[in-house]
(Lines of atoms letter the chains of each structure in order from A; the text may use other names.)
(Lines give C-alpha, C1' and ligand atoms only; values in the text may rest on other atoms or scores of the structure.)
Protein backbone atom coordinates (compact mmCIF):
# COMPACT_ATOMS: atom_id res chain seq x y z
CA UNK A 128 0.00 0.00 0.00
CA UNK A 129 1.12 3.56 -0.61
CA UNK A 130 0.97 6.26 2.07
CA UNK A 131 1.37 9.86 0.89
CA UNK A 132 1.56 12.67 3.45
CA UNK A 133 2.67 16.27 3.13
CA UNK A 134 5.19 16.11 5.98
CA UNK A 135 6.21 13.71 8.71
CA UNK A 136 7.62 16.55 10.83
CA UNK A 137 4.30 16.92 12.61
CA UNK A 138 4.30 14.36 15.47
CA UNK A 139 0.60 13.70 14.90
CA UNK A 140 1.22 12.66 11.28
CA UNK A 141 4.24 10.55 12.21
CA UNK A 142 2.16 8.77 14.86
CA UNK A 143 -0.69 8.22 12.43
CA UNK A 144 1.60 6.78 9.75
CA UNK A 145 2.99 4.35 12.33
CA UNK A 146 -0.53 3.33 13.39
CA UNK A 147 -1.57 2.79 9.76
CA UNK A 148 1.59 0.84 8.91
CA UNK A 149 1.06 -1.47 11.89
CA UNK A 150 -2.50 -2.21 10.81
CA UNK A 151 -1.49 -2.87 7.21
CA UNK A 152 1.30 -5.21 8.33
CA UNK A 153 -1.15 -7.12 10.53
CA UNK A 154 -3.25 -7.72 7.40
CA UNK A 155 -0.24 -8.97 5.46
CA UNK A 156 0.52 -5.77 3.55
CA UNK A 157 3.69 -3.66 3.37
CA UNK A 158 3.65 0.14 3.25
CA UNK A 159 5.58 2.47 0.95
CA UNK A 160 5.75 5.83 2.75
CA UNK A 161 6.00 9.00 0.65
CA UNK A 162 6.77 12.44 2.11
CA UNK A 163 5.58 14.98 -0.48
CA UNK A 164 6.50 18.18 1.44
CA UNK A 165 3.48 19.98 -0.08
CA UNK A 166 5.20 19.85 -3.49
CA UNK A 167 2.75 18.96 -6.31
CA UNK A 168 5.51 17.79 -8.66
CA UNK A 169 7.01 15.57 -5.98
CA UNK A 170 3.57 14.17 -5.19
CA UNK A 171 2.94 13.40 -8.87
CA UNK A 172 6.26 11.57 -9.08
CA UNK A 173 5.40 9.54 -5.99
CA UNK A 174 2.02 8.61 -7.44
CA UNK A 175 3.65 7.44 -10.66
CA UNK A 176 6.18 5.45 -8.64
CA UNK A 177 3.42 3.81 -6.58
CA UNK A 178 1.50 2.87 -9.72
CA UNK A 179 4.67 1.49 -11.31
CA UNK A 180 5.18 -0.63 -8.20
CA UNK A 181 1.58 -1.86 -8.54
CA UNK A 182 0.45 -0.96 -5.05
CA UNK A 183 -3.02 -2.21 -4.11
CA UNK A 184 -4.27 1.08 -2.70
CA UNK A 185 -3.33 4.52 -1.34
CA UNK A 186 -3.99 6.44 1.85
CA UNK A 187 -3.24 10.11 1.34
CA UNK A 188 -3.03 13.15 3.58
CA UNK A 189 -1.46 15.42 1.00
CA UNK A 190 -2.14 19.15 0.76
CA UNK A 191 -2.44 19.32 -3.03
CA UNK A 192 -5.78 19.17 -4.77
CA UNK A 193 -6.50 18.56 -8.42
CA UNK A 194 -3.62 16.18 -9.14
CA UNK A 195 -5.01 14.11 -12.01
CA UNK A 196 -2.90 11.06 -11.22
CA UNK A 197 -5.20 10.29 -8.29
CA UNK A 198 -8.19 10.16 -10.61
CA UNK A 199 -6.35 8.27 -13.32
CA UNK A 200 -4.73 5.69 -11.07
CA UNK A 201 -7.84 3.53 -10.85
CA UNK A 202 -6.71 2.49 -7.36
CA UNK A 203 -8.71 2.35 -4.13
CA UNK A 204 -7.90 5.64 -2.36
CA UNK A 205 -8.95 7.12 0.98
CA UNK A 206 -7.97 10.51 2.36
CA UNK A 207 -7.13 11.96 5.76
CA UNK A 208 -8.22 15.57 6.34
CA UNK A 209 -8.24 16.49 2.63
CA UNK A 210 -11.17 16.66 0.20
CA UNK A 211 -10.50 15.22 -3.24
CA UNK A 212 -13.48 13.85 -5.14
CA UNK A 213 -16.79 12.28 -4.18
CA UNK A 214 -15.38 8.84 -4.98
CA UNK A 215 -12.57 9.28 -2.44
CA UNK A 216 -13.80 9.00 1.17
CA UNK A 217 -12.32 11.54 3.58
CA UNK A 218 -11.71 10.89 7.28
CA UNK A 219 -11.11 13.76 9.69
CA UNK A 220 -11.50 14.74 13.30
CA UNK A 221 -14.35 17.11 14.20
CA UNK A 222 -12.42 20.24 13.32
CA UNK A 223 -15.43 22.53 13.73
CA UNK A 224 -16.17 21.28 17.25
CA UNK A 225 -12.48 21.51 18.16
CA UNK A 226 -12.31 25.17 17.19
CA UNK A 227 -15.54 25.93 19.04
CA UNK A 228 -14.29 24.15 22.15
CA UNK A 229 -11.01 26.08 22.16
CA UNK A 230 -12.76 29.46 21.91
CA UNK A 231 -15.44 28.64 24.47
CA UNK A 232 -12.88 27.37 26.97
CA UNK A 233 -10.63 30.43 26.82
CA UNK A 234 -13.53 32.88 26.91
CA UNK A 235 -15.11 31.11 29.88
CA UNK A 236 -11.77 31.41 31.65
CA UNK A 237 -11.52 35.15 31.07
CA UNK A 238 -9.93 35.79 27.66
CA UNK A 239 -11.36 38.83 25.88
CA UNK A 240 -8.83 39.46 23.07
CA UNK A 241 -8.23 36.29 21.07
CA UNK A 242 -5.70 35.35 18.40
CA UNK A 243 -6.01 32.47 15.97
CA UNK A 244 -2.79 31.09 14.48
CA UNK A 245 -3.15 28.71 11.53
CA UNK A 246 -1.26 27.16 8.69
CA UNK A 247 -2.07 28.02 5.09
CA UNK A 248 -5.80 28.33 4.45
CA UNK A 249 -6.81 25.87 1.74
CA UNK A 250 -10.21 25.72 0.06
CA UNK A 251 -10.64 21.96 0.25
CA UNK A 252 -9.13 21.16 3.63
CA UNK A 253 -11.53 19.95 6.36
CA UNK A 254 -9.20 21.43 8.97
CA UNK A 255 -10.27 24.89 7.80
CA UNK A 256 -13.27 24.19 10.01
CA UNK A 257 -10.97 24.66 13.02
CA UNK A 258 -10.79 28.33 12.06
CA UNK A 259 -14.50 28.58 11.31
CA UNK A 260 -15.51 26.94 14.57
CA UNK A 261 -13.21 29.16 16.61
CA UNK A 262 -14.29 32.36 14.87
CA UNK A 263 -17.99 31.56 15.11
CA UNK A 264 -17.80 30.64 18.79
CA UNK A 265 -15.94 33.87 19.56
CA UNK A 266 -18.33 35.97 17.47
CA UNK A 267 -21.33 34.47 19.26
CA UNK A 268 -19.77 35.69 22.51
CA UNK A 269 -18.83 39.08 21.00
CA UNK A 270 -15.10 38.50 21.50
CA UNK A 271 -12.72 39.81 18.78
CA UNK A 272 -10.32 37.45 16.99
CA UNK A 273 -7.11 38.38 15.18
CA UNK A 274 -6.03 35.76 12.62
CA UNK A 275 -2.42 35.01 11.67
CA UNK A 276 -1.80 32.47 8.88
CA UNK A 277 1.56 30.90 8.01
CA UNK A 278 2.39 29.26 4.67
CA UNK A 279 3.22 25.55 4.74
CA UNK A 280 6.96 26.18 4.34
CA UNK A 281 7.26 28.81 7.10
CA UNK A 282 10.29 27.96 9.24
CA UNK A 283 10.24 27.97 13.05
CA UNK A 284 12.47 31.08 12.93
CA UNK A 285 9.92 32.96 10.81
CA UNK A 286 7.09 31.79 13.03
CA UNK A 287 8.92 32.87 16.19
CA UNK A 288 9.60 36.37 14.86
CA UNK A 289 6.00 36.82 13.71
CA UNK A 290 4.53 35.50 16.94
CA UNK A 291 6.81 37.71 19.01
CA UNK A 292 5.67 40.77 17.05
CA UNK A 293 2.00 39.81 17.33
CA UNK A 294 2.26 39.25 21.08
CA UNK A 295 4.08 42.54 21.63
CA UNK A 296 1.84 44.62 19.35
CA UNK A 297 -1.65 43.21 19.82
CA UNK A 298 -1.51 41.78 23.35
CA UNK A 299 -3.80 38.77 22.93
CA UNK A 300 -4.85 37.10 26.17
CA UNK A 301 -5.92 33.87 24.50
CA UNK A 302 -4.29 32.07 21.55
CA UNK A 303 -5.56 29.06 19.61
CA UNK A 304 -3.08 27.39 17.26
CA UNK A 305 -4.30 24.85 14.72
CA UNK A 306 -1.32 22.59 15.48
CA UNK A 307 0.57 21.80 18.67
CA UNK A 308 4.08 22.67 17.49
CA UNK A 309 3.06 26.25 16.73
CA UNK A 310 1.29 26.43 20.09
CA UNK A 311 4.55 25.47 21.80
CA UNK A 312 6.34 28.26 19.92
CA UNK A 313 3.66 30.68 21.16
CA UNK A 314 4.30 29.67 24.75
CA UNK A 315 8.06 30.06 24.33
CA UNK A 316 7.80 33.50 22.73
CA UNK A 317 5.27 34.70 25.30
CA UNK A 318 7.61 33.71 28.10
CA UNK A 319 10.54 35.41 26.35
CA UNK A 320 8.50 38.62 26.48
CA UNK A 321 7.95 38.17 30.19
CA UNK A 322 4.33 37.07 29.86
CA UNK A 323 2.97 34.44 32.19
CA UNK A 324 1.14 31.46 30.72
CA UNK A 325 -1.75 31.12 31.48
CA UNK A 326 -2.12 34.16 33.78
CA UNK A 327 -1.42 36.74 31.05
CA UNK A 328 -2.15 34.66 27.97
CA UNK A 329 -3.85 31.29 27.57
CA UNK A 330 -2.74 28.91 24.80
CA UNK A 331 -4.51 25.92 23.27
CA UNK A 332 -3.12 23.74 20.47
CA UNK A 333 -4.64 21.09 18.23
CA UNK A 334 -3.60 17.47 17.58
CA UNK A 335 -2.67 15.97 20.95
CA UNK A 336 -0.11 13.46 19.70
CA UNK A 337 1.40 11.04 22.21
CA UNK A 338 4.74 12.82 21.79
CA UNK A 339 3.34 16.22 22.77
CA UNK A 340 1.36 14.78 25.67
CA UNK A 341 4.44 13.02 27.02
CA UNK A 342 7.18 15.61 26.43
CA UNK A 343 5.21 18.87 26.68
CA UNK A 344 2.72 18.17 29.48
CA UNK A 345 2.02 21.88 30.06
CA UNK A 346 0.19 22.31 26.74
CA UNK A 347 -3.60 22.24 26.63
CA UNK A 348 -4.72 20.82 23.31
CA UNK A 349 -7.64 19.53 21.28
CA UNK A 350 -6.90 15.81 20.92
CA UNK A 351 -7.52 13.97 17.66
CA UNK A 352 -8.38 10.25 18.05
CA UNK A 353 -5.36 9.02 16.10
CA UNK A 354 -5.93 5.32 16.67
CA UNK A 355 -9.59 5.52 15.63
CA UNK A 356 -8.70 7.57 12.53
CA UNK A 357 -6.06 5.01 11.50
CA UNK A 358 -8.53 2.16 12.07
CA UNK A 359 -11.16 3.81 9.91
CA UNK A 360 -8.76 4.75 7.11
CA UNK A 361 -7.53 1.17 6.84
CA UNK A 362 -11.04 -0.31 7.08
CA UNK A 363 -12.32 1.98 4.33
CA UNK A 364 -9.33 1.21 2.12
CA UNK A 365 -9.93 -2.53 2.37
CA UNK A 366 -13.63 -2.02 1.87
CA UNK A 367 -12.82 -0.39 -1.47
CA UNK A 368 -10.14 -2.96 -2.28
CA UNK A 369 -12.50 -5.87 -1.66
CA UNK A 370 -15.36 -4.11 -3.48
CA UNK A 371 -17.84 -4.74 -0.67
CA UNK A 372 -21.45 -3.75 -1.17
CA UNK A 373 -21.34 -1.34 1.77
CA UNK A 374 -22.04 2.18 0.53
CA UNK A 375 -19.30 4.54 1.67
CA UNK A 376 -19.89 8.10 2.79
CA UNK A 377 -18.01 11.02 1.28
CA UNK A 378 -16.82 12.16 4.72
CA UNK A 379 -16.35 10.56 8.13
CA UNK A 380 -15.93 12.85 11.15
CA UNK A 381 -14.63 11.54 14.48
CA UNK A 382 -15.05 13.35 17.83
CA UNK A 383 -12.32 15.33 19.57
CA UNK A 384 -11.76 16.22 23.21
CA UNK A 385 -10.00 18.97 25.15
CA UNK A 386 -6.97 17.92 27.17
CA UNK A 387 -6.83 20.73 29.71
CA UNK A 388 -3.41 21.33 31.22
CA UNK A 389 -1.33 24.21 32.52
CA UNK A 390 -1.55 26.56 29.52
CA UNK A 391 -5.16 27.47 30.38
CA UNK A 392 -6.47 28.85 33.64
CA UNK A 393 -8.02 26.58 36.25
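In this note's numbering, the protein residues as written are 128 to 393.
A virtual CB, placed ideally from N, CA and C, is assigned to each residue, including glycine.
Note that the structure is a prediction, hence the values are computed from the model and not measured.
- Residues 335, 348 and 350 of the same chain have their beta carbon placed closer than 6 Å to that of residue 386, with the five preceding and five following residues left out of the count.
- In chain order, 129, 202 and 204 place their CB closer than 6 Å to the CB of residue 185, counting only its own chain and leaving out the 5 sequence neighbours on each side.
- DSSP places residue 173 in the uninterrupted alpha helix (DSSP H) bounded by 167 to 179.
- Around the beta carbon of residue 241, 16 or more other beta carbons sit within 10 angstroms, so the residue counts as buried.
- Counting only residues of its own chain and dropping the five nearest sequence neighbours on each side, residue 140 has a CB closer than 6 Å to the CB of 132.
- Residue 319 is classed as exposed because its beta carbon has fewer than 16 other beta carbons within 10 Å across all chains shown.
- By alpha-carbon distance to residue 271, the top candidate from 238, 287 and 255 is 238.
- Rounded to whole angstroms, the gap between the alpha carbons of residue 331 and residue 300 is 12 Å.
- Straight-line measurement puts the Cα of residue 355 at about 25 Å from the Cα of residue 232.
- Taking C-beta atoms as the reference points, residue 305 and residue 333 count as a pair closer than 8 Å.
- Taking residue 135 as reference, the option from 160, 149 and 152 with the minimal CA-CA separation is 160.
- The three-state reading of DSSP puts residue 255 in helix, counting H, G and I together.
- Counting the other CB atoms within 10 Å of its CB gives residue 269 a total below 16, which places it among the exposed residues.
- Separation of residue 182 and residue 166 (C-alpha to C-alpha, rounded to the nearest whole angstrom) is 21 Å.
- Under the DSSP assignment, residue 338 falls in the alpha helix (DSSP H) whose first and last residues are 337 to 342.
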